[in-house]
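Residue numbers for the sequence shown follow this note's numbering, so the first one is 92 and each next one is one higher.
All residues carry an ideal CB built from backbone N, CA and C; glycine is no exception.
Owing to the predicted nature of the structure, the values given are computational and were not obtained by experimental measurement.
Structure first, commentary second.
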Amino acid sequence: MTGRFISFEGIDGAGKSTHIQAVADWFRARGADVQLSREPGGTPLAEALRDLVLREAMGSLTEVLLMFAGRRDHVETVIKPALAAGKTLLCDRFTDASFAYQGGGRGLPLAVLDTLADWVQEGTEPELTLWFDLPAEQAAARRASAREADRIEQLDLDFFERVRAAYAARAAQAPGRIVRIDASGTVAEVGAAVLNVLQARYPAC
Ligand SMILES: Nc1ncnc2c1ncn2[C@@H]1O[C@H](COP(=O)(O)OP(=O)(O)O)[C@@H](O)[C@H]1O
Ligand SMILES: Cc1cn([C@H]2C[C@H](O)[C@@H](COP(=O)(O)OP(=O)(O)O)O2)c(=O)[nH]c1=O
């Protein structure tokens, strides 16, 4: 039995977390065994690494190695077993975030990221990625009224525009997997766009 692996991406404040629960409800209403997870994090070890990476000052290469170290543990101990058990695994961020943040934002060479992704994922890849796309300025305004900024969220608008551009480049390379959601509308409008994608993608559900 092989489950479904769906990831949620976008710059901080784009609205991923707001919509992931509705997607879980949509699949559950259709009989799926849904499991939610997130990166960085998703296992006790990876959550400990998340605390470090979002708080401690470090270089870009250290940052990406910690992201992929956590991802390896997550893939091995959570994602692969969930898919083997036929579950629908919804993950708040996955490897596209490393290409966007550490590749686009920090400027690390994409060849390094490709190698890390090959080693760490061993072919485990989302079948669908919902990319919540929003201008950096609008995302920053949403974040400002919602929460205190962590180490990465404190970076400037230019950083987040580079991250956004890197997501766009990833989407252009994987048009069958990554679906862009215009996240600039109201919560209801964005939610409707998400449901449209699900209905088109899983008509038999
Ligand atoms: N479409 C929207 N319009 C206005 N505010 C929104 C919208 N979607 C989410 N928000 C708010 O913006 C903030 C960030 O949303 P969140 O879902 O946490 O983003 P992310 O998980 O992508 O960082 C939250 O306070 C949320 O309530
Ligand atoms: C998975 C991943 C996340 N990140 C960053 C994006 C976010 O700024 C941060 C934490 O992600 P996230 O949990 O989505 O933050 P929030 O719920 O506060 O929006 O980690 C990377 O830089 N690289 C990665 O590979």
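Residues of its chain near residue i, where Cβ-Cβ distance is below 6 angstroms and the 5 sequence neighbours each way are ignored
i	result
residue 182	98 and 128
residue 105	223, 225, 230 and 274
residue 141	131 and 132
residue 287	none
residue 191	254, 257 and 258
residue 126	173, 178 and 180
CB contact flag (residue i, residue j, <8 angstroms)
i	j	result
residue 118	residue 218	no
residue 110	residue 281	yes
residue 240	residue 233	no
residue 319	residue 143	Absent from the model: residue 319. The displayed extent of the chain is 92 to 296, so no value can be given.
residue 165	residue 137	yes
residue 80	residue 114	The chain is shown from 92 up to 296; residue 80 falls before or after that span and cannot be answered.
residue 174	residue 267	no
residue 178	residue 124	yes
residue 204	residue 151	no
residue 168	residue 134	yes
residue 121	residue 242	no
Contacts around residue i, its chain only, beta-carbon distance under 7 angstroms, and the 5 residues preceding and following it disregarded
i	result
residue 170	96, 180 and 215
residue 227	102, 248, 251, 252 and 255
residue 208	186
residue 244	103 and 234
Ligand 2 heavy atom lying under 7 angstroms from the CB of residue i
i	result
residue 243	yes
residue 189	yes
residue 183	yes
residue 103	yes
residue 229	no
residue 212	no
residue 158	yes
residue 193	yes
Any non-hydrogen atom of ligand 1 within 7 angstroms of residue i CB
i	result
residue 129	no
residue 268	no
residue 301	The chain is shown only over 92 to 296; residue 301 falls outside these bounds and no answer can be derived.
Own chain residues within Cβ distance below 8 angstroms of residue i, not counting five before or after
i	result
residue 154	144, 193 and 197
residue 246	196
Check: Should the region 255 to 263 be called in touch with the region 161 to 175, which here means at least 3 C-beta pairs below 8 angstroms?
Finding: no
Note to self: I'd like to know if the region 167 to 187 and the region 206 to 223 are in contact, where contact means that at least 3 CB-CB pairs between them fall below 8 angstroms.
What the structure shows: yes
Checklist line | Runs of beta strand (DSSP E) wholly within the region 132 to 185 (minimum 3 residues, chain order) | finding: 179 to 183
Next item on the list: Can you check the region 233 to 284 for any beta strand (DSSP E) of at least 3 residues that lies completely inside it and give the ranges in chain order?
Entry: 269 to 273
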